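Chains L and Y, in that order, are what the protein sequence lines are. Residue 633, in the working numbering, is where the first sequence stops; the numbers in between run on with no holes. Residue 1209, in the working numbering, is where the second sequence stops; the numbers in between run on with no holes. Glycine included, each C-beta is placed from N, C-alpha and C at the ideal position. Source: prediction; values computed, not measured. Let me begin by presenting the structure, written as structure tokens, before commenting on it.
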Amino acid sequence: MSEAALEQRLTELWEGKKGLYGFLATVDHKKLGIRYLVTAFTLMLIGGVEALVMRIQLAEPSLRVLSPEAYNQFFSMHGITMVWWYASPILSGFGIFIIPLMIGARDLAFPRLNAFTYWTYLLSAILLYIAPLMGQAPHAGWFAYAPYTLTKYSPGMGMDYYVVSLILLTISTTANAINFIITILRMRAPGMAISRMPLFLYSSLTVSVVVLFSLPSLSAALIFLELDRRYGTHFYAVADGGSTFLWQQLFWFFGHPWVYVIFLPATAIVSMIIPVFSRRPIVGYTYVAAATMLTGLVGFSVWLHHMFTVGMSNIAMSLFSAGSMTVSIFTTIQVFAWVATIWKGRPVATTAMYYAVGTIVLLVIGGLSGVFTGIIPVDWQAHNTYFVVAHIHYVLIGSNLFPVMAGFYYWGPKMTGKMMSERLGKWSFWIMFIGFNVGFFPMHILGLLGMPRRIFTYQAGLGFAGMNMLVTVGAFVLGFGVLLSILNLLISLRCGEEAGRNPWNSDGLEWESDSPPPPYGSVHIPVVVSRNPLWDDFDEEEDPENERVLDGGRWTPITSWLDAEPLAIATIPEDSLMPLWAALAVYGFFQAMVVQLIWVAAGMLVATLLFGIWWMWPRTKEEIVPKTEEEAA
Amino acid sequence: MSSVVQVAPPRAKLASLPIEQNRGIHAMWCLIATEAMLFACMFAAYYYLGNNKDRWAHESAPELSFPFILLAILLSSSAILFFGEKQVKKANYTAGRIAVWITILFGLVFLCLQGYEYYSEWMTTAPYNDSYTSAFYAITMLHGAHVCVGVLLLFYLGIMPRYGETLRTPHRPYTTLAMYWHFVDAVWIFIVALLYVIPNIQRLHHHVL
């Protein structure tokens, strides 16, 4: 068959239906990945607006833009939205779009589960934002310390919505993690041995495993909280034998690994971008990969550093302080690898590279203030002040938002097929970079001057006023920078240059297919012989007899997990509405639970089961693999 | 700019490979890992709350005979399902299907007996009494919910039309769902050890002292 005929055959196999049905039923990782990115970015904008409202309230002493209760709701919703509904899902969005292309697979291991993951993510965001629309938003911060969250101190449904929307998101995140683990371990292109995996896959794999082992702790804490709030149990009420520290232990056992879930894939984006624009392979590949995995591992043994002030034995605090210091070693390895790559390469100053280098700067500042707060006596001084706010924002904006922007500028042309304006991009970078530093650096000083976190206002004459105005101005400048990039994207969609296959002359397999990629990825399943496939003199033409086309169905190869030797063919399911229906039923269950319609909830559970059965029901009888005569005998 | 080619490119003849059957099983291992962690967190919470509380084990250690009867039921159901899986591997599908339905029956008996245990204990130890009963009921009820889910999954397995190797998903549903059932049974072993046996030992210890 000719190349064109093969393309047509594969398109017939892989292209979903058009129209509304196609929109709702698609299992295509590229469509779902973009949807993930758009949803997460929208939620980031919502969280950002909440932050700006807070900054208006704090711009001058004794303002009354927000009431104290409203301020609490704003900072809670801001934290919850950013930490859970933006920072991790946006990285999942990149992963969902890019991982199958990066490993030469035609979809994720479980495409319908992927669709289910997206719908539950979207519905959990809707569930979360029902609460503020009713005027009863969660008001206890993203960490929701007991006993403040118990009914006695938090009446109303705000905290209940917090619990159920988070449990729904937990389901979504766990499903996504399982999907990533199996995809990365089993579906890499033949020859992409684990020692040749792009670094982004190391971090995605690491955080997926971390999610599996840390999220249950949050689920347990949330289940206990809801039982306490609604069903009269005594997990967190001290008077009845409960313990408020139980919440903190469970929450931070989840919470600190989650920081790395947000952090590692973002640093891996930097690890992908810096070599490309330094025009050489990354320095210390093995060390960066090992550092990534070790960060994920050690992330499980640092959680008490969030609790240095609650009163623990010195030995426990010392151990956890030392554990926290260890993380800085692993992060430093990554930073030095990036710097060395730029040093030894011939850097090209693109917007993506600007954002990547900006990340390094901000990460080092945020990392250093992290070392400060990891030291117990300093933590006691800085605890609950704006110093910690400065630290968390340097780490999370520096090593999440900036890498994400870098990722948009780097992979954006692959997703949209259009180039974005470099000039506007660099303007956006500088405005964001300056705005961010103007906005957040003074917070260090404010914290050391003694301004506490989570206060809705402060009095004049305490010396906070001028710097708070500066912070507010900086925050607005940062927001303006983000808007410029959105504008850049919209302009490029209308009248951007065609991107072509590999506009950046990158090394990864994702640049082998067209931009935007056709539904099947690449015609010939790639074979990999090195870490930088597209930089080597080896490409598709070496498949003259079409042995690697796999057009017998919706097929993609399965390989062994270490050496990536081809083992089998995976069949990928077609479009289906069942993930959407199942997600709606699960959503209905949680929505009914929160308004205490127990029978509706039970009905929704049954509906979930039925949709699940229909989802997994075998369609035809011819599906059974006929036994060969040898096997039968 | 190009890095060194490490080995000669493999000539992979992909189209003649068999259809893969194991993704679901691997995903089930992941699910079991995260579920095991959920129970581990709950056990940790149980002992965290019970730490340094004398009256905890002294007054509230539960009856020992009942959980062992339940354990026997679950273990034998696992054995039956294991036997059924062996039969399915030998293409003995009817025997496999019967094993599923017997397992469902055992699961239902387990749920009924656990309901009876709750009913008979509720007067003295209801979940809203104190933090001990809260943790005890939360963990055992969460396990009960898992048994429920297991029974429903087995129900799906019981009515599905075929078990053999397949060209399309679901691949090997029997093995995958049996794994889940074995996991739920294994959790009960931990519950018996941590929530029934150890508190009773602690109570004995307390009385001796």
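Pull up the DSSP beta-bridge partners for residue i, would you.
i	result
A568 (chain L)	L:I558
I1019 (chain Y)	L:I569
T385 (chain L)	L:P452
E498 (chain L)	L:K418
Can you list, in chain order, the residues of its chain with a C-beta nearer than 6 Å to that of residue i? Leave out the 5 residues immediately preceding and following it.
i	result
E540 (chain L)	Low confidence applies here, because E540 (chain L) scores a pLDDT of 49, under 50, leaving its location unreliable and the question unanswered by this model.
V371 (chain L)	S328
P526 (chain L)	G104, A189 and L509
A352 (chain L)	I273, A406, Y409 and Y410
Y162 (chain L)	P138
S1078 (chain Y)	H1182 and D1185
V1005 (chain Y)	Bear in mind that a pLDDT of 49 at V1005 (chain Y), under 50, signals an unreliable position, so the model cannot answer this.
D507 (chain L)	N532, L534 and W535
Does the Cβ-Cβ distance between residue i and residue j come in under 8 Å?
i	j	result
P61 (chain L)	T457 (chain L)	yes
I274 (chain L)	A382 (chain L)	no
A109 (chain L)	T183 (chain L)	yes
F387 (chain L)	H444 (chain L)	yes
L1014 (chain Y)	E547 (chain L)	yes
T170 (chain L)	L218 (chain L)	yes
R1023 (chain Y)	R186 (chain L)	yes
T359 (chain L)	G398 (chain L)	yes
I269 (chain L)	F336 (chain L)	no
S88 (chain L)	V261 (chain L)	yes
A289 (chain L)	L562 (chain L)	no
Please work out which residues of its chain come closer than 7 Å, Cβ to Cβ, to residue i, disregarding the five sequence neighbours upstream and downstream, and give them in chain order.
i	result
L43 (chain L)	T81, W85, Y86 and A125
L1142 (chain Y)	M1042
G345 (chain L)	S278, R279 and R280
W614 (chain L)	M578
T628 (chain L)	Residue placement at T628 (chain L) is flagged as unreliable, the pLDDT there being 49, under the threshold of 50; the coordinate-derived value follows with that caveat. For T628 (chain L), where only same-chain residues beyond five positions count, there are no Cβ hits under 7 Å.
A59 (chain L)	N468, M469 and T472
Q1021 (chain Y)	E1165, H1171 and R1172
Y354 (chain L)	K426 and F429
S1002 (chain Y)	With a pLDDT of only 46 at S1002 (chain Y), under the threshold of 50, the placement of this residue in the model should not be trusted; the figure read from the coordinates follows. Same-chain partners within the cutoff: there are none.
Hey, quick one: how far does the alpha helix (DSSP H) through residue i stretch, first residue to last?
i	result
F456 (chain L)	Element bounds for F456 (chain L): n/a, residue is neither H nor E.
N488 (chain L)	A465 to C495
H1210 (chain Y)	Any property of residue 1210 (chain Y) remains undetermined from this structure, which presents chain Y solely from 1001 to 1209.
R423 (chain L)	E422 to L449
Y148 (chain L)	Counting along the chain, Y148 (chain L) falls outside any alpha helix (DSSP H), and DSSP gives it neither H nor E.
G19 (chain L)	G19 to A25
N176 (chain L)	G158 to R186
P1173 (chain Y)	P1173 to I1191
A1095 (chain Y)	Y1093 to E1121
Q136 (chain L)	Taken as a continuous stretch (DSSP letters only), Q136 (chain L) belongs to no alpha helix (DSSP H), as it is neither H nor E.
A289 (chain L)	Y285 to V298
Y231 (chain L)	L199 to Y231
S36 (chain L)	Looking at the sequence shown, residue 36 (chain L) is not Ser but Tyr. Looking at the DSSP string, the run of the alpha helix (DSSP H) that includes Y36 (chain L) is H29 to L58.
S1077 (chain Y)	S1065 to K1089
F94 (chain L)	S88 to M102
L584 (chain L)	M578 to V594
G461 (chain L)	Where G461 (chain L) is concerned, there is no enclosing alpha helix (DSSP H), given that its DSSP letter is neither H nor E.
L10 (chain L)	E3 to W14
Tell me which residues share the same chain as residue i and place their Cβ nearer than 8 Å to its Cβ, disregarding the 5 neighbours each side in the sequence.
i	result
S513 (chain L)	L101, R501, G521 and S522
T571 (chain L)	G553, R554 and W555
M54 (chain L)	L66, Y71, F74, F75 and H78
V310 (chain L)	F245 and Q248
I1025 (chain Y)	R1172, T1175, T1176 and M1179
Three Cβ pairs or more, each shorter than 8 Å: is that satisfied between the segment 96–107 of chain L and the segment 31–42 of chain L? yes
Pairing CB atoms from the segment 480–499 of chain L with CB atoms from the segment 429–442 of chain L, are three or more of them under 8 Å? yes
Is it true that the segment 302–321 of chain L meets the segment 228–237 of chain L, where meeting means three or more beta-carbon pairs spaced less than 8 Å apart? no
Take every Cβ of the segment 590–603 of chain L, pair it with every Cβ of the segment 151–167 of chain L, and state whether three or more of those distances are shorter than 8 Å. yes
Got a sec: which bits of the segment 249–264 of chain L sit with their beta carbon under 8 Å from any beta carbon on chain C, in order along the chain? Looking for chain C here will not work: the only protein chains present are L and Y.
The segment 461–468 of chain L contacting the segment 411–418 of chain L, beta-carbon criterion three pairs below 8 Å: Taking 8 Å as the limit for Cβ pairs, the verdict is that the segment 411–418 of chain L does not touch the segment 461–468 of chain L.
State whether the segment 223–231 of chain L contacts the segment 141–155 of chain L, with contact taken as three or more CB pairs (one from each stretch) at a distance under 8 Å. Contact between the segment 223–231 of chain L and the segment 141–155 of chain L is present: 3 or more CB-CB pairs across the two stretches fall below 8 Å.
Is the segment 1098–1112 of chain Y close to the segment 1146–1163 of chain Y, with three or more CB pairs under 8 Å? Yes, since at least three Cβ pairs between the segment 1098–1112 of chain Y and the segment 1146–1163 of chain Y fall closer than 8 Å, the two stretches touch.
Are at least three pairs of beta-carbons, each pair with one atom in the segment 250–260 of chain L and one in the segment 1071–1088 of chain Y, less than 8 Å apart? no
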